[in-house]
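Per the numbering used here, residue 8 is the first one in the sequence shown, and the count goes up by one each step. Single-structure report; data block below.
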Amino acid sequence: MFSLPFGSDQSLSTILLIPAIVAIFAILFIGSLLVSEAKPEAVGKAITCYILKAVGVILLVIGGMQLLYSLFTLNVPETKTLLALALLIVIGIGILVHESRVIEKLNDASVIVSRMVFGYSCVILGTLAALFSLLTFLISFIVTQELGQWESTATVVITGTVLTMLSSAYAAKKGKTSAKKKK
């Protein structure tokens, strides 16, 4: 296995994450500039906002899935754990709200590509998470004839379904808004 000379192997994922984010940024930037009336500065802001919104969604999912799993198992976490999960959710919501306010000030031509990539990525990830979790549960039930670990499956299915439905509704709402502005 490959090992870094200066520390843990986890540093490798951090080193690879930075070029991956830069590559995504560059691809979205080029694609967004192909839209007529797109302004380069606004495109950069839009891409940055949607990357930060993805971080906010990740924080919400981490905190929300743990709380939902605790509800299903009727196992209330310690106060410190609840506060940490609440902090994750509050920070995630704060990031989403702030970045949404920044995006609202930008023109639609500069935001459209980033919005579509973000929205459809959430739909795809949510659908795949719910589908694979449900399929794993059903196949496990067929093979073993037992309903073991339904709590984790239900947590992932509900989270994936909510992510898919909210992203679909958001994309549909924004599409109608853009169509109305053109008239």
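Yeah, the Cβ is synthetic: ideal placement off N, Cα and C, and Gly gets one too.
Could you check where the alpha helix (DSSP H) with residue i kicks off and where it finishes?
i, result
"V150", "115-151"
"G50", "The amino acid occupying residue 50 in the given sequence is Val; Gly does not appear at that position. Its alpha helix (DSSP H) spans residues 47-80."
"E44", "Unbroken run through E44: none, as it is neither H nor E."
"V109", "86-111"
Are there 16 or more other CB atoms within 10 angstroms of the CB of residue i, so buried, or fewer, so exposed?
i, result
"F139", "exposed"
"Y57", "buried"
"R193", "Residue 193 lies beyond the range of the chain shown here (8 to 190); nothing can be said about it."
"K112", "exposed"
"E106", "buried"
"T162", "buried"
"I110", "buried"
"L35", "buried"
"T86", "exposed"
"S20", "exposed"
"S18", "exposed"
"M8", "In this predicted model, M8 has a pLDDT of only 45, less than 50, meaning its place in the structure is not dependable enough to derive any value."
Under 8 Å from any heavy atom of the ligand MN, does the C-beta of residue i make it?
i, result
"T160", "Inclusion of the ligand MN in the displayed structure is not the case, the ligand content being empty and no account of it being possible."
Assuming residue i and residue j make a contact with CB atoms under 8 Å, what is their CB distance in whole Å?
i, j, result
"L95", "G133", "19 Å between Cβ atoms; not a contact."
"V120", "G38", "5 Å"
Inset, instruction - Assess, as a yes-or-no matter, whether the stretch 131-147 is touched by the stretch 76-88 under the definition of 3 or more beta carbon pairs within less than 8 Å. - result: No, the stretch 76-88 does not touch the stretch 131-147.
Legend entry - the stretch 18-32 / the stretch 99-116 touching (three or more Cβ pairs under 8 Å): no
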